[in-house]
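*Asks:* Here the protein sequences come in this chain order: A and B.
Residue numbers for the first sequence follow my numbering, beginning at 1 and rising by one.
Residue numbers for the second sequence follow my numbering, beginning at 1001 and rising by one.
Note that CB positions come from ideal geometry on N, CA and C, so glycine has one too.
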Amino acid sequence: MLKIEDLHVSVEGKEVLHDINLHIREGETHVLMGPNGSGKTSLLRSVMGFSGYEITSGSIIFKGIDITNLPLYERARYGMGLMFQRPPTISGLKLGKLLMATSGGEIGEIGRSASQMKMADFLDRDVNAGFSGGEIKRSEVLQLLIQQPDFVMLDEPESGVDLENIALIGHSIARLVEKDRHIIDRHKSGLIITHTGYILDYLDADAGHMLCDGEIKCHGNPREILKVIQEKGYQECIRCQK
Amino acid sequence: MPEIIDDISAEDRKRLELSGIEFDQQKRSGTFVQRDQHIHHSSSKIEGIEMLPLDIAMNKYGWLKDYYWNLVDREKDEYTRFVADREEKEGLRGFVVIARKGSKNIFPLQSCLFMQKAEVQTVHNIIIAEEGAELHLITGCTSSIGREKGTHYGITEIYVGKDALISTTMIHTWGENIDVYPRSAAKVDENGTFLSNYVSLKPVGTVQMYPVADLTGKNSVARFNSVVLAPKGSYLDLGQRALLNGEGSSAELVSRMITSGGTVIARSHIAGISENTKGHIECKGLILEDGIIHSVPEVEGRLKNTELTHEAAVGKIARDEIEYLMARGLDEEEATATIIRGFLDVRIKGLPDSLQKEIDAAIDAAESGF
Ligand SMILES: Nc1ncnc2c1ncn2[C@@H]1O[C@H](COP(=O)(O)OP(=O)(O)OP(=O)(O)O)[C@@H](O)[C@H]1O
Ligand SMILES: [Mg+2]
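See below:
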């Protein structure tokens, strides 16, 4: 599904990602961990194709096609989706109108997904304006449910979410990446940034990666990586380097 | 039922509809049509609401002379003098609406000011809502397509009685070579509400206006909303002023402006003159292509118990907002248009749905031109 090879990315002239290699197969969901400022969000945004993330070398292959130089919206249309860590507020634009624009007018589906995400009352509000932390996450998941990407990247979906909503968001994300289906019928993939690993209570991740200072220091079993971080801190993870 | 106006091209008819004019009179409580200097139609279907040509109304009601050139000074400037002059030489043009005590129209009245051939059009309107009346009026102003040049002068004097409400919604669909000089003023009595909405999304030559609401009554309210797009070559100098003379009176002046090469000057002035008054100015401008948006908000407090605020922001659409929508699959143009559509979306409190829909439709129709 996604193959990142020897990727180097600079932001404002400074290299923030060094020699990233990552391979996510169809049907797989991986988690990405690492300390604050290590480059996790930058990696997701580079893969999605946002301006300001200059790929100085390396390549991104998505569904067999080199998308390294493809514009952002074409990647989205080709099946990529992103849940923003900090989405912008768009004053005046109603969430419902945004969903209409991105869905091609599937009103019924918008209504169903909105009630599922407990966002029905938000369709008439300006996108992200005054949304609480948890409401922003629910709105992001709702937008992805409408978009239905084949490969979805989620930037800290559980941070700032209360215990009740975390179950809602967790189950919805599991459905987005088809973790609710039998492996044979699973075609969607995901990459999820998490600090806490709570999301792993709702879906089994197939692999985990630890990013540190812009480099992937460790690939492995996500629960094991988390356990080491919890018990011994990021330092240990960097030291072990396997 | 006869057409409200005949002998007009399909294109012009469309432009009138874009300005909020309904040819199906079922959807309007009354209609006034002035083509050039000729009055075609003037009627109201609502009990207690009259819509008459100015000359007929002045003959019928002697008392109207106290309302005529009363809020707008005929010596104010060359434009008011021009209209006064023409009135003496040619007779009166324009309309009068009188909403009697307690009357109400759910469907708006409409006035259609259409410049087809004449170089100059003048109108003088007087709008009166007596105690407790609720009156909604939409004015569609259009010139025939492809006109070389023309000038429109409009005097409007608006009287909002005690506990009454008047909403006026003006949609301009002029041409590139048409210059427009409206001169309007409103007086609002105790507990009265005046809503003034202005929409201009098509090319125009020059528009220059500065309507004033004098909130003389206790707890009276005025709300001005303007939604304006200035294409290259258009010059819009738009003001709005609220004088908070009545105790507890309040005003809100909201402007949304976009330039795609033209000039918009948004002057707003609120004067807090009496006790417990409140006023807010909000000006937001988007620059799509190099042009000018010049916001001039003035708040003038004259005593301790007045609370006046303003916020103004002018700039381009933020890159992260465009990319947010692009990440959902919209291309740059679609993302930009979607954001602009939202930017122009003002929900106007107190306006009936049918009028809000007219404003929304005008904005939707302009969307392809952003
Ligand atoms: N636009 C920018 N301008 C300057 N520096 C930037 C910019 N974007 C990212 N960086 C820097 O790149 C580094 C990586 O940031 P990034 O947001 O990717 O971290 P992260 O791993 O997602 O952190 P967190 O866990 O706090 O979300 C940081 O040092 C950050 O300050
Ligand atoms: Mg981050």
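For a cutoff of 8 Å on Cβ pairs, would you count Met-1/A as touching chain B?
*Replies:* No - not a single Cβ of chain B is within 8 Å of the one on Met-1/A.
*Asks:* Does the Cβ of Ser-1137/B have 16 or more other Cβ atoms within 10 Å, making it buried, or fewer, making it exposed?
*Replies:* Before going further, note that residue 1137/B is Leu rather than Ser in the sequence given. Per the 10 Å Cβ criterion, buried.
*Asks:* Can you name, in chain order, every residue of its own chain whose Cβ lies under 6 Å from the Cβ of Phe-1114/B, other than the five neighbours on each side?
*Replies:* So the qualifying residues of the chain are Arg-1035 and Thr-1142.
*Asks:* In its own chain, which residues sit with a C-beta less than 6 Å from the C-beta of Val-1207/B, not counting the 5 before and 5 after it?
*Replies:* Answer for Val-1207/B: Val-1180 and Leu-1236, listed in chain order.
*Asks:* Please find out if some non-hydrogen atom of ligand 2 comes closer than 7 Å to the beta-carbon of Gln-1356/B.
*Replies:* No, the beta carbon of Gln-1356/B sits no closer than 7 Å to any heavy atom of ligand 2.
*Asks:* For the beta strand (DSSP E) that contains Arg-1035/B, what are its first and last residues?
*Replies:* First-last of the beta strand (DSSP E) with Arg-1035/B: 1030-1035.
*Asks:* What does the alpha-carbon distance come out to for the pair Ile-960/B and Cys-212/A?
*Replies:* Coverage of chain B is limited to positions 1001 through 1370, which leaves residue 960/B absent and any answer about it impossible.
*Asks:* Bridge partners for Tyr-198/A per DSSP, in chain order?
*Replies:* Paired residues: none, contrary to the question.
*Asks:* When the distance is taken between beta carbons, is Leu-203/A closer than 8 Å to Leu-174/A?
*Replies:* One point to set straight first is that residue 174/A is Ala, not Leu, in the sequence displayed. Cβ distance < 8 Å, so Ala-174/A and Leu-203/A count as in contact.
*Asks:* If you count every other CB in all the chains shown that lies within 10 Å of the CB of Met-1001/B, and 16 or more means buried, which is it?
*Replies:* For Met-1001/B, the pLDDT reaches just 43, beneath the cut-off of 50, and the residue's location in the model is therefore unreliable, although a value from the coordinates is still provided. The residue is exposed, with fewer than 16 neighbouring Cβ atoms inside 10 Å.
*Asks:* Between the segment 59-75 of chain A and chain B, which residues of the former have a C-beta closer than 9 Å to a C-beta of the latter?
*Replies:* If the cut-off is 9 Å between Cβ atoms, the segment 59-75 of chain A has Pro-71, Leu-72, Tyr-73, Glu-74 and Arg-75 near chain B.
*Asks:* Look up Asp-185/A in the DSSP assignment and say whether it is helix, strand or coil.
*Replies:* Of the three classes helix, strand and coil, the one that applies to Asp-185/A here is helix, per DSSP.
*Asks:* Give every residue of the same chain whose Cβ lies closer than 6 Å to the Cβ of Ile-1371/B, excluding the five residues on either side of it in the sequence, and list them in chain order.
*Replies:* Shown here, chain B extends from 1001 to 1370; a query on residue 1371/B therefore has no answer.
*Asks:* Starting from the beta carbon of Ala-1318/B, find every residue of chain A whose beta carbon is closer than 7 Å, and list them in chain order.
*Replies:* Within chain A, the residues near Ala-1318/B are Pro-88.
*Asks:* Starting from the C-beta of Ala-1242/B, find all residues in its chain whose C-beta is less than 7 Å away, skip the five residues before and the five after it, and write them out in chain order.
*Replies:* Cβ neighbours of Ala-1242/B beyond the five flanking positions: Ala-1213, Leu-1215, Ala-1222, Ala-1251, Leu-1253, Ile-1270 and Gly-1279.
*Asks:* Around ligand 1, which residues pass a check of Cβ closer than 5 Å to any of its heavy atoms?
*Replies:* Output, sorted by chain position: Val-11/A, Glu-12/A, Val-16/A, Asn-36/A, Gly-37/A, Ser-38/A, Gly-39/A, Lys-40/A, Thr-41/A and Ser-42/A.
*Asks:* Return the first residue and the last residue of the beta strand (DSSP E) that Leu-1018/B is part of.
*Replies:* That residue, Leu-1018/B, is in no beta strand (DSSP E); its alpha helix (DSSP H) goes 1010-1018.
*Asks:* Name, please, each residue of chain A whose Cβ falls closer than 9 Å to the Cβ of Asp-996/B.
*Replies:* One cannot answer for residue 996/B here, as it falls past the ends of chain B, which runs 1001 to 1370.
*Asks:* In whole angstroms, what separates the C-alpha of Ile-107/A from that of Leu-1308/B?
*Replies:* Cα to Cα, Ile-107/A sits roughly 42 Å from Leu-1308/B.
*Asks:* Under 7 Å Cβ-Cβ, which residues of chain A neighbour Ile-1046/B?
*Replies:* Result: empty, since nearest Cβ-Cβ is about 32 Å, beyond 7 Å.
*Asks:* Tell me whether the beta-carbon of Thr-986/B lies closer than 8 Å to the beta-carbon of Val-1120/B.
*Replies:* With chain B represented from 1001 up to 1370, any question about residue 986/B goes unanswered, as that position is not in the structure.
*Asks:* State the Cα-Cα distance for the pair Pro-1231/B and Ile-1258/B, rounded to the nearest angstrom.
*Replies:* The straight-line gap from Cα to Cα measures roughly 8 Å.
*Asks:* Here's the rule: buried if 16 or more other CB atoms are within 10 angstroms of the residue's CB, otherwise exposed. What is Lys-1357/B?
*Replies:* Label assigned to Lys-1357/B: exposed.
*Asks:* Below 8 Å, can you find three or more Cβ-Cβ pairs linking the segment 96-107 of chain A to the segment 44-61 of chain A?
*Replies:* Cβ pair count under 8 Å is below three, so no.
*Asks:* Taking CB distances under 8 Å as the criterion, tell me whether Ile-1348/B reaches chain A.
*Replies:* No, no contact with chain A.
*Asks:* With a threshold of 7 Å, establish whether the CB of Asp-1364/B neighbours any heavy atom of ligand 2.
*Replies:* No, since every heavy atom of ligand 2 falls outside the 7 Å radius drawn around the Cβ of Asp-1364/B.
*Asks:* Check this for me: beta carbons of Ile-20/A and Ile-225/A, under 8 Å apart or not?
*Replies:* Contact flag unset, no.
*Asks:* What does Thr-102/A reach in chain B if we use C-beta pairs closer than 8 Å?
*Replies:* Within 8 Å Cβ-Cβ: Leu-1325, Arg-1328, Gly-1329 and Leu-1330.
*Asks:* Consider the C-beta atom of Asp-155/A and the heavy atoms of ligand 2; say whether any pair is separated by less than 7 Å.
*Replies:* Yes, Cβ of Asp-155/A sits closer than 7 Å to a heavy atom of ligand 2.
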